[in-house]
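Asks: Got a structure for you, written out below as structure tokens; questions coming shortly.
Number of protein chains: 2
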Amino acid sequence: MTSIAFIGMGAMGAPMAGNLLKAGFPVTVHNRTREREEPLAALGAARAASPAEAASQAVIVFTCVSDVPDVEEVICGPRGVLQGIQPGRLVVDMSTIGPKAARSIATCCREAGARFVDAPVSGGPLGAQQATLSIMAGGEAADLEEALPALRAMGKTIVHCGPVGTGQATKLVNQIVGACTFCAVAEGLTFSRAAGLDGAKTIEAVGGGAAGSWMMTNLAPRMLAHDFEGGFKVSLQAKDLRLVLAEADEMGLPLPITRLVIQLLTWLEDNGHGQHGTQSIIAAYEAIRGKEPQSKIGLEPGGAGGEAV
Amino acid sequence: MTSIAFIGMGAMGAPMAGNLLKAGFPVTVHNRTREREEPLAALGAARAASPAEAASQAVIVFTCVSDVPDVEEVICGPRGVLQGIQPGRLVVDMSTIGPKAARSIATCCREAGARFVDAPVSGGPLGAQQATLSIMAGGEAADLEEALPALRAMGKTIVHCGPVGTGQATKLVNQIVGACTFCAVAEGLTFSRAAGLDGAKTIEAVGGGAAGSWMMTNLAPRMLAHDFEGGFKVSLQAKDLRLVLAEADEMGLPLPITRLVIQLLTWLEDNGHGQHGTQSIIAAYEAIRGKEPQSKIGLEPGGAGGEAV
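Keeping their order, the protein sequence lines are chains W and U. Numbering-wise (my numbering), the first sequence opens with residue 1 and increments by one. Numbering-wise (my numbering), the second sequence opens with residue 1001 and increments by one.
Okay, structure coming up:
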């Protein structure tokens, strides 16, 4: 089977590489913090000392890291993928970096004689573990075709969105809609609590109808319980929406709700919730209500108002 | 079977009364515009010249009209339900009027020797026709119990939210979350269009994951197609959110996204979309983008940018 390199053993990359191994692909892994390669090595992966070394024997190179500078470094940097890759091979980046960075890295790849597909994912660590990710791909149809067997080992819904960058743009749409939707849920629960309603009954009555959503089903109970561990991290959601704003400002798009949501996420980051899941947005709502002592919420994330929302 | 009066033969009340008839309940109907009683009479309903007359032979009286003054008139007015109802009988109002009006009408009923349950619904005309409504009920448990066989003929999910007014408060939560969610969808589609993405592919990639919602599945394709007929009317959604704001202001709740959504809905009302479905929110997004000629959108609702979103 196609020999694969996988760069980035984070909360997403590690289980994704694990699923490639389970599907029978020979995989060479690399991570900046080398210890993180060990669980994959235990599953049968080879290890490489640099992205360049990992790429040297691979037919397809996958990268999945945190932000634009990380992707630039692991692909275009002095020890990056393009320093080791064989001519004509395919690089598939699964990080969320926005369309502009994707197009720039695609140019970088083309100049080095490699091909590039952007294929950011949605579904979180759980989707990565269960191989149920949504994968939004941008690039040449033939390149995506080549990557498809490997992508199918990692995700369930794989959509070819268009040329390079459109996978990233589609992922940004996903982040806009998702973030505005979990705020919709938090705003409703804030009203529910203030009106003295039973939160669980509110979710039961509202969640199954036209106001229902994945966020309502999955995050509303955790908002009620002030269960802020796990889930998609506030700091990453904020990063993604800042990528959105950079694009929106260039395109002249107001995106009024998204801009408001960024303010709430920034408050969360400034008040100790950056590493919490996005369900902690309810803490920002409790704070802006101004009826909860702000210090309590600021100093003890997850402790404030834990009895009910 | 329990003899029922049903006041209000609108887009919701008529099919709801029809389902009571289908379930075998004897039903007497009344509507201010009397012709609207005719289709129900054809299904076997008796007709009454006033709410008072309809209520006079009924064990349970249902009301389903548009707004607070309408409910006050049909229940407490000079020809209203309470002028005809027998002592100790039950009035169930299924309109959306907010918790304060519900409590005030409950007092009015109690003083007239009748009992009151607020039971607003979610699910729209289609849910009313298919008897799949969500019904959010507030009142005494024994009163709800008495109404339950009839409610089961009209809805699927029936939640007892608490004392009188809590059904209304829960419905307002539903309206907050629903409206903010369809704006989340519209905001994402606006970005998608500006980024030059294929809208149908965006919906495919985004709708099945963590950003998915009833609104994404049901309204996003209609937003793309500029199909603004049918669905829940902008004017009613705006009315419901104004009920939300009246409560929120008293409770000191900012509800920042809801306030923003009301501005968008007000723009829609001012620009000929009041009788369109809430999917026409996409027209407000196109207008605030400022790259579409406003006059085109204002004068020809549904005609602007019809090629794609």
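Cβ atoms here follow ideal geometry from the backbone N, Cα and C, with glycine treated the same way.
Find the nearest neighbour of Glu53/W within the set Phe6/W, Ile97/W and Gly88/W, judged by alpha-carbon distance.
Replies: Answer by Cα proximity: Phe6/W.
Asks: Taking Ile1105/U as the reference, give the member of Gly1165/U, Val1159/U, His1276/U and Leu1148/U with the closest Cα.
Replies: Nearest option by C-alpha distance: Gly1165/U.
Asks: Using a C-beta cutoff of 8 Å, does Ala1014/U count as contacting chain W?
Replies: Chain W, which has no Cβ nearer than 8 Å to the Cβ of Ala1014/U, makes this no.
Asks: In or out: Ala1041/U buried (at least 16 other Cβ within 10 Å) or exposed?
Replies: Ala1041/U comes out exposed.
Asks: Enumerate, from N- to C-terminal direction, the unbroken alpha helix (DSSP H) stretches of 4 or more residues contained entirely within the stretch 1185-1271 of chain U.
Replies: Complete alpha helix (DSSP H) runs here, min 4: 1199-1207, 1214-1224, 1234-1251 and 1256-1270.
Asks: Is there a Cβ of chain U sitting closer than 8 Å to that of Cys180/W, yes or no?
Replies: Closer than 8 Å to some Cβ of chain U, the Cβ of Cys180/W qualifies, so yes.
Asks: Can you tell me whether Ser1003/U is buried or exposed? The criterion is at least 16 other CB atoms within 10 Å of its CB, across all chains shown.
Replies: Counting Cβ neighbours within 10 Å, Ser1003/U comes out exposed, since fewer than 16 surround it.
Asks: If we call anything under 8 Å between Cβ atoms a contact, is Val1117/U one with Leu1090/U?
Replies: Yes, they are a contact pair.
Asks: How would you write the range of the beta strand (DSSP E) that Arg115/W sits in, first residue to last?
Replies: Residues Arg115 to Asp118.
Asks: Note the first and the last residue of the continuous beta strand (DSSP E) segment covering Val1091/U.
Replies: Its beta strand (DSSP E) spans residues Leu1090 to Asp1093.
Asks: Going by other Cβ atoms of all chains shown within 10 Å of its Cβ, with 16 needed for buried, is Arg951/U buried or exposed?
Replies: Because chain U is modelled from 1001 through 1309, residue 951/U falls outside the range shown and cannot be assessed.
Asks: Quick one: Cα of Thr170/W to Cα of Glu1286/U, how far?
Replies: So the alpha carbons of these two residues sit roughly 19 Å apart.
Asks: If you run the structure through DSSP and keep just helix, strand and coil, what is Ile75/W?
Replies: Three-state DSSP puts Ile75/W in a helix.
Asks: Give the straight-line distance between the Cα atoms of Cys1161/U and Leu1245/U, rounded to the nearest whole angstrom.
Replies: If I take the Cα positions, the gap works out to 21 Å.
Asks: Would you mind sorting Asp1143/U into buried or exposed? The rule is 16 or more other CB atoms within 10 Å of its CB.
Replies: By the 10 Å Cβ count, Asp1143/U comes out buried.
Asks: For Asp1067/U, tell me which candidate among Ile1097/U, Ser1134/U and Ser1056/U has the shortest Cα-Cα distance.
Replies: Checked all of Ile1097/U, Ser1134/U and Ser1056/U; the closest Cα to Asp1067/U is Ile1097/U.
Asks: Once you ignore the five residues that flank Gly24/W on each side, which residues in its own chain have a CB closer than 7 Å to its CB?
Replies: Excluding sequence neighbours, Gly24/W sits near Met1.
Asks: What in chain W is Cβ-close to Arg1103/U, meaning under 7 Å?
Replies: None at all; the shortest Cβ gap to chain W is about 12 Å.
Asks: Whole angstroms is fine: what's the gap from Ala1058/U's alpha carbon to Leu236/W's?
Replies: Taking the straight line from one Cα to the other gives about 59 Å.
Asks: To which residues does DSSP link Arg1036/U through a beta bridge?
Replies: BP columns for Arg1036/U are empty, so no partner.
Asks: Could you name the residues of the same chain whose beta carbon sits closer than 6 Å to that of Ala48/W, not counting the 5 residues immediately before and after it, in chain order?
Replies: These residues qualify, in order along the chain: Thr28, His30 and Ala54.
Asks: Output the distance between the C-alpha atoms of Leu21/W and Pro39/W, rounded to the nearest integer angstrom.
Replies: Roughly 12 Å separates the two Cα atoms.
Asks: Taking just the CA atoms, how far does Ile203/W sit from Val1092/U?
Replies: So the alpha carbons of these two residues sit roughly 23 Å apart.
Asks: Is it right to say Thr107/W is buried, meaning 16 or more other beta carbons lie within 10 angstroms of its own, or is it exposed?
Replies: Exposed, because fewer than 16 other Cβ atoms sit within 10 Å of the Cβ of Thr107/W.
Asks: By the criterion of Cβ-Cβ separation under 9 Å, what are the contact partners of Glu1247/U in chain W?
Replies: The answer, in chain order, is Phe191, Ala194 and Ala195.
Asks: Mind checking which residues open and close the alpha helix (DSSP H) that includes Gly139/W?
Replies: Here Gly139/W belongs to no alpha helix (DSSP H), and DSSP marks it neither H nor E.
Asks: Return the CA-CA distance between Gly84/W and Pro99/W, expressed in angstroms with no decimal places.
Replies: In a straight line, the C-alpha of Gly84/W is about 25 Å away from that of Pro99/W.
Asks: Which residues in chain W sit within 9 Å of Asn1174/U, going by Cβ to Cβ distance?
Replies: Result: Gly188, Thr202, Ala205, Val206, Gly209, Ala210 and Ala211.
Asks: Name, going along the chain, the residues of the stretch 110-130 of chain W whose beta-carbon falls closer than 8 Å to a beta-carbon of chain U.
Replies: For the stretch 110-130 of chain W, which is checked against every Cβ of chain U, the residues closer than 8 Å are Ser122, Gly123, Gly124 and Gly127.
Asks: State yes or no: is the beta carbon of Ala1169/U nearer than 8 Å to at least one beta carbon in chain W?
Replies: Judged by the 8 Å Cβ criterion, Ala1169/U is in contact with chain W.
Asks: In three-state DSSP terms, what is Phe1182/U?
Replies: DSSP places Phe1182/U in helix when its eight states are reduced to three.
Asks: Can you tell me which residues form a DSSP beta bridge with Thr63/W?
Replies: DSSP output for Thr63/W lists Ile7/W and Asp93/W as bridge partner(s).
Asks: Does the CB of Met1251/U have a neighbour CB from chain W at under 8 Å?
Replies: Closer than 8 Å to some Cβ of chain W, the Cβ of Met1251/U qualifies, so yes.
Asks: Taking the continuous beta strand (DSSP E) assigned at Gly1162/U, which residues delimit it?
Replies: Here the beta strand (DSSP E) through Gly1162/U covers Gly1155 to Gly1162.
Asks: Within its chain, find whatever has a CB closer than 6 Å to the CB of Ile158/W; leave out the 5 residues flanking it on each side and keep chain order.
Replies: These residues qualify, in order along the chain: Ile135 and Leu151.
Asks: Just mark Pro1120/U as buried or exposed, buried being the case when its beta carbon has 16 or more other beta carbons within 10 Å.
Replies: Answer is buried; the Cβ neighbour count reaches 16.
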